[in-house]
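J.: According to our numbering, the sequence shown is numbered sequentially starting from 539.
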Amino acid sequence: MAKSLAPIVMKFGGTSLRDEDCRAHAVKHIKRYAESGERIVVVVSAMGRKGEPYATDTLIALLKDVGHNINPRELDLVMSVGETLSSAFFSHLLSHNGIPAISFNGRQSGILTDDNAGNAEILDIDPSRIVEALDNGSIAVVAGFQGIDTQKNITTLGRGGSDTTAVALAAALKAQECQIFTDVNGVYTTDPRVCSKARKLEVLTYEEMLEMSGLGSKVLQLRAVEFASKYNVPLR
Ligand code: ADP
Ligand code: ASP
Ligand code: MG
């Protein structure tokens, strides 16, 4: 049976891309789906966490070391670099593993936001270049966490915003589902890295996930869950 034209969106967080082993794991997962004929959009975060060379916090520290009073426009441009680098690097890695891929930054992905630097909201998405890449048999590797405003400034979507890029793209592309990969193997009753008694939840309603994100659990950015709920995006 022919596979669905509806793509699958897969988002890999910073810790899922931090080193060679993690990236090999991600490549293996993508390859399995690609070989079964699925159309795939990969959304990537900046590689690693605080202290690691290309992580968002490391990039911010570069400016903060000079002075804490940072022009929000410059800060957004610097913060977006982590995801931009990650998308091109990961696309290169996929291609070297025999999986044709092409990278897109937020602008190239057609992500239009308001002008609220550092915490911009997505207003509209024109994913035509992504669809074109999929039609050409490539995987689209999209830099998460960024877009452009009407003045063509590069904006970022608030900390944890790659989740929102992934879900918003999944909605715009009418994806089969949006898979979110991170450093824990699911959503738990509470942060499993803090509380050893946390239980893994096999299924959650959007309302339950909204409440969890609203209370500050960073496993999914609140706006991502709002998008998923509004457009009925299956989130895994
Ligand atoms: P990523 O960089 O992949 O987006 P995040 O650090 O933003 O990862 O989110 C994953 C983290 O969310 C986990 O490492 C975990 O500590 C935390 N977390 C908080 N609450 C929960 C929860 N209820 N279930 C699972 N993880 C949670
Ligand atoms: N890299 C950005 C952050 O650290 C976005 C994300 O990871 O979702 O907040
Ligand atoms: Mg996150």
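By construction, the Cβ of each residue, glycine as well, lies at the ideal position given by its N, Cα and C atoms.
Between the region 665-676 and the region 713-730, do three or more beta carbon pairs fall short of 8 Å?
T.: no
J.: Compute the minimum distance between the beta carbon of M750 and the heavy atoms of ligand 1, and state whether it is under 7 Å.
T.: At a threshold of 7 Å, M750 counts as near ligand 1, since its beta carbon sits closer than that to one of the ligand's heavy atoms.
J.: Looking at chain D, is there any beta carbon in it that lies within less than 8 Å of the beta carbon of R587?
T.: This model lacks chain D altogether; it includes just one protein chain.
J.: By how many angstroms is the C-alpha of D559 removed from the C-alpha of A709?
T.: 31 Å
J.: Evaluate V741 with the Cβ neighbour count: other Cβ atoms within 10 Å of its Cβ, from every protein chain shown; 16 or more gives buried, anything less gives exposed.
T.: exposed
J.: Distance, Cα to Cα, F542 vs E576?
T.: A small fix is needed here, since residue 542 is Ser in this sequence, not Phe. One C-alpha to the other measures close to 7 Å.
J.: If you reduce the DSSP assignment to three classes, tell me which class M548 lands in.
T.: strand
J.: Y592 by DSSP, collapsed to three states: which one?
T.: coil
J.: Between V763 and V680, which are expected to be in contact by the criterion C-beta below 8 Å, what is the C-beta distance as a whole number of angstroms?
T.: Not quite, the Cβ-Cβ distance comes to about 19 Å (not below 8 Å), so this is no contact.
J.: Answer yes or no: do G644 and S618 have a C-beta to C-beta separation smaller than 8 Å?
T.: yes
J.: Can you check whether the CB of D673 is closer than 8 Å to the CB of Q852?
T.: In the structure as shown, the chain begins at 539 and stops at 774. Residue 852 is therefore absent and cannot be evaluated.
J.: Nearer than 7 Å: is that true of the beta carbon of D701 relative to any heavy atom of ligand 3?
T.: With a threshold of 7 Å, the Cβ atom of D701 counts as near ligand 3, since some heavy atom of the ligand is closer than that.
J.: Buried or exposed: E745, going by 16 or more other Cβ atoms within 10 Å of its Cβ?
T.: exposed
J.: Classify A658: buried if its beta carbon has 16 or more other beta carbons within 10 angstroms, exposed otherwise.
T.: buried
J.: Which class does L555 belong to by DSSP, given the choice of helix, strand or coil?
T.: helix
J.: Could you spell out where the beta strand (DSSP E) holding F642 opens and where it closes?
T.: A639 to F642
J.: Taking 7 Å as the cut-off, is the CB of V705 close to at least one heavy atom of ligand 1?
T.: No, the beta carbon of V705 sits no closer than 7 Å to any heavy atom of ligand 1.
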